[in-house]
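Here's the structure we're looking at; comments come further down.
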Amino acid sequence: MSAATLYGLCGAALVGLGLYGLLVNPQPLRKILSFNLVGSGVFLLFGVVARRGAALGMGGDPVPQALVITGIVVAFSATALAVALLLRLHDATGSATLAAPEPGAPPAA
Amino acid sequence: MMMAMLLDGSLVLLILVVAVWTVAVHDSFAAVVGYTVYGLLLALAWVRLAAVDAALTEAAIGGGLTGVLLIRAAVRLRRTEAVSHAETPGPLFRVMAALVAASIAAALAVVVLSLPEPGPTLAPYVAQHIATTGLGNAVTAVLLSFRAIDTLLEAVVLIFALIAVWTLTPERFWGGRPGPKYETDPNGMLAYLARLLPPIGIVVAVYVLWVGADLPGGKFQAGTLLAAMWLLAIMAGLTEAPPISSRWLRGMLVAGTVVFLVIGFAGVPLAGAFLAYPEGYAKPLIIAIEAASMASIAFTLALLVLGPPERSDRR
Amino acid sequence: MSFLLNLWTIVAVSAGVFFFLAGTVGLLRFPDTLTRLHALTKADNLGLGLVVLGLLPHVSGPLAALKLVCVWLLVLLAGATASQLIARVAKRAEPPA
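Protein chains in written order, with the working numbering: chain A, 2 to 110; chain B, 185 to 499; chain C, 317 to 413.
Structural data, given as structure tokens:
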């Protein structure tokens with residue numbers, strides 16, 4: 002088993018771990034964390050594909066690496082938007098939960 | 185060979201242990217700290233995969249900026265911790281979630297183990313045409329020449345994300361300053377660090393941008409460094425976050441995309457296609473795009489961390 | 317000559333790892349925040365410094381050696397500032413003796 006395959010299996014395990022955390026944790030902030038775990042696992046899989054395409058003196062295929070760099074930046078901006086939504090929910094309703102509000106409760110400010 | 189496998193094996197084990205801890209620990213703040221450590225370990229994994237540009241980006245954005253963002257959120261949400269614990273699902277749901285997660289991970293593992301040998305690659309094409317860009321770093325060449333449209337669209341996505349964050353402003357604070365007013369001792373440790381570190385950070389950022397043409401580096405990593413230095417100065421109280429209604433701020437945010445678009449459209453009459461570079465002018469045009477984009481990325485990332493305005497712009 | 321350099325690298329990096337281990341044991345076993353911070357500074361200063369010294373014979377030139385030393389100095393700066401800030405919060409939080 003080569004090093005790249007080992008990291009590929011690590012990436013697969015990270016996707017599974019992140020998915021479990023996303024389903025099981027009730028706090029939205031933990032769900033955002035787990036979603037980032039899934040994303041970074043997927044990026045690792047990209048990196049494995051890039052490494053296996055090493056040729057002509059380059060350590061890896063540069064196209065998946067460029068896609069990963071773009072992906073990391075976009076994933077950060079998505080996380081920032083998710084956190085801003087969560088903090089706005091907390092400011093508006095006083096709690097940070099994804100459970101439905103009780104029927105008859107007044108609408109949030 | 186053995187030593188390399190030992191190193192890779194222990195790094196993978198460490199990454200998985202920290203990831204499990206991040207998912208399983210009870211306190212949210214501890215989970216955020218675990219995630220930051222995980223991001224830094226992942227940067228090491230990228231180095232082992234010979235993707236140093238991705239390692240720099242992961243360490244800076246994945247570990248650093250995302251950590252700052254999540255720590256601020258975790259501190260503000262601390263009071264809701266106890267209430268959320270009551271909603272933790274029961275054992276049956278956890279078992280089913282574990283089964284779903286394990287089956288998806290197993291499917292991905294099967295895919296990884298059955299990848300074609302030798303792996304398909306675009307490296308020969310890149311090596312064949314990289315001389316036209318005048319660059320030595322293949323990843324920078326892909327980002328700014330061969331797949332420049334992706335980079336342009338990504339800059340637009342960043343601006344859209346910032347606008348989306350700004351739409352969450354409460355009505356009375358529209359046009360105001362993001363983040364609280366940080367008051368710290370002007371002679372204290374944090375203010376000292378915020379006076380000492382940004383000049384070093386700016387020099388390192390410009391170096392990373394300049395050397396990214398031939399060695400690992402580039403505008404994303406440099407822009408993140410600049411954003412971090414600005415955030416440090418804001419959080420130490422040395423400078424205030426600008427109001428989001430200010431024109432120079434909005435101009436700086438779009439400057440990178442505007443330069444990119446102007447050069448792209450100029451390529452239509454001069455070189456025959458959108459985002460085509462004229463013969464021999466590729467490198468100076470790429471450097472112009474990178475410099476403008478670095479400034480925009482720095483402002484955008486810092487404002488994404490600071491969030492929507494929380495106070496009105498005081499006259 | 318290269319044998320001596322490799323020997324120096326092994327000795328220095330091993331000593332650095334020992335200090336990292338000592339700092340981690342201190343972090344886990346010391347009773348309160350201030351003593352744990354004190355243990356961590358050993359990992360920062362001595363541990364990283366010895367690792368950097370051990371790696372210096374193998375760099376490709378004086379500029380790369382300067383970069384390694386700069387990394388060590390920046391980690392020192394960040395560690396010292398963070399330790400001071402954490403210590404002040406810990407001091408304010410503990411009840412008056």
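C-beta: ideal position from N, C-alpha, C; glycine also.
| Check | Outcome |
| --- | --- |
| Kindly indicate which three-state DSSP category P172 (chain B) falls into: helix, strand or coil? | Nothing about residue 172 (chain B) can be reported from this structure: the residues present for chain B run from 185 to 499 only. |
| Report yes or no: do three or more beta-carbon pairs, one from the stretch 13–22 of chain A and one from the stretch 203–211 of chain B, lie closer than 8 Å? | yes |
| Taking Cβ-Cβ distances below 7 Å as the criterion, which residues of the stretch 333–362 of chain C are in contact with chain B? | none |
| When DSSP builds the beta bridges, which residues end up paired with P362 (chain B)? | B:P493 |
| Anything in chain B within Cβ reach of T397 (chain C), meaning under 8 Å, just list it in chain order. | M373, L374, Y376, L377 |
| Determine the direct distance from the alpha carbon of L381 (chain B) to that of I481 (chain B), and round the result to whole angstroms. | 20 Å |
| Does the Cβ-Cβ distance between G360 (chain B) and P427 (chain B) come in under 8 Å? | yes |
| Give, in chain order, every residue of the stretch 207–229 of chain B whose Cβ lies closer than 9 Å to some Cβ of chain A. | V207, A208, S212, A215, V216, G218, Y219, Y222, G223, L226, A229 |
| Provide the residue(s) that pair with A55 (chain A) in DSSP beta bridges, ordered along the chain. | Paired residue(s): none; A55 (chain A) is not in a bridge. |
| I'd like to know if L366 (chain C) contacts chain B, where contact means its C-beta is closer than 8 Å to some C-beta of that chain. | no |
| Specify, as a first and last residue, the run of the alpha helix (DSSP H) that D360 (chain C) falls within. | Note, D360 (chain C): premise wrong, no alpha helix (DSSP H); not H, not E. |
| So, with DSSP's three-state summary, where would you put A110 (chain A)? | Caution is warranted here: a pLDDT of 49 is assigned to A110 (chain A), below 50, making its placement in the model unreliable, and no coordinate value can be reported. |
| Quick one: does A56 (chain A) have its CB under 8 Å from some CB of chain B? | yes |
| Could you name the residues of the same chain whose beta carbon sits closer than 8 Å to that of D398 (chain B), not counting the 5 residues immediately before and after it, in chain order? | L319, G320, N321 |
| How would you list, in chain order, the residues of chain B whose beta-carbon sits under 7 Å from the beta-carbon of L401 (chain C)? | M373, L374 |
| Nearest-angstrom Cα distance between R499 (chain B) and W350 (chain B)? | Note on R499 (chain B): pLDDT 45, under 50, position unreliable in the model; no value is reported. |
| I want to see whether chain A comes within less than 8 Å of F357 (chain B), judged by CB atoms only; does it? | no |
| Considering Cα atoms alone, identify which of A:A5, A:P27, A:L34 is closest to S96 (chain A). | A:P27 |
| Taking only three categories from DSSP, how would you classify L459 (chain B)? | coil |
| Mind checking the stretch 59–73 of chain A against chain B and listing, in chain order, the residues whose C-beta falls within less than 7 Å of any C-beta there? | M59, G60, G61, D62, P63, V64, Q66, A67, V69, I70, T71, I73 |
| What three-state label does DSSP hand T220 (chain B) in the structure shown? | helix |
| Report buried or exposed for Q312 (chain B), applying the criterion of at least 16 other Cβ atoms within 10 angstroms of its Cβ. | exposed |
| Taking all protein chains shown into account, do 16 or more other C-beta atoms lie within 10 angstroms of the C-beta of G371 (chain B), making it buried, or fewer, making it exposed? | The sequence shown places Asn at residue 371 (chain B), rather than the Gly named in the question. N371 (chain B) is exposed by the Cβ-count criterion. |
| Is any beta-carbon of chain A found at less than 8 Å from that of D192 (chain B)? | yes |
| Helix, strand or coil: how does DSSP classify R331 (chain B) here? | coil |
| Closest Cβ-Cβ distance between T94 (chain A) and chain B: below 8 Å? | no |
| If you count every other CB in all the chains shown that lies within 10 Å of the CB of W414 (chain B), and 16 or more means buried, which is it? | buried |
| Measuring straight from C-alpha to C-alpha, what distance separates G147 (chain B) and V16 (chain A)? | Lying outside 185 to 499, the shown extent of chain B, residue 147 (chain B) is not represented and no answer is given. |
| From A:A85, A:A100, A:R89, pick the residue whose C-alpha is nearest to that of P273 (chain B); which is it? | A:A100 |
| Could you tell me the alpha carbon to alpha carbon distance between L382 (chain C) and R495 (chain B), rounded to whole angstroms? | 45 Å |
| Compute the Euclidean distance between the alpha carbons of Y376 (chain B) and L225 (chain B), then round it to the nearest angstrom. | 29 Å |
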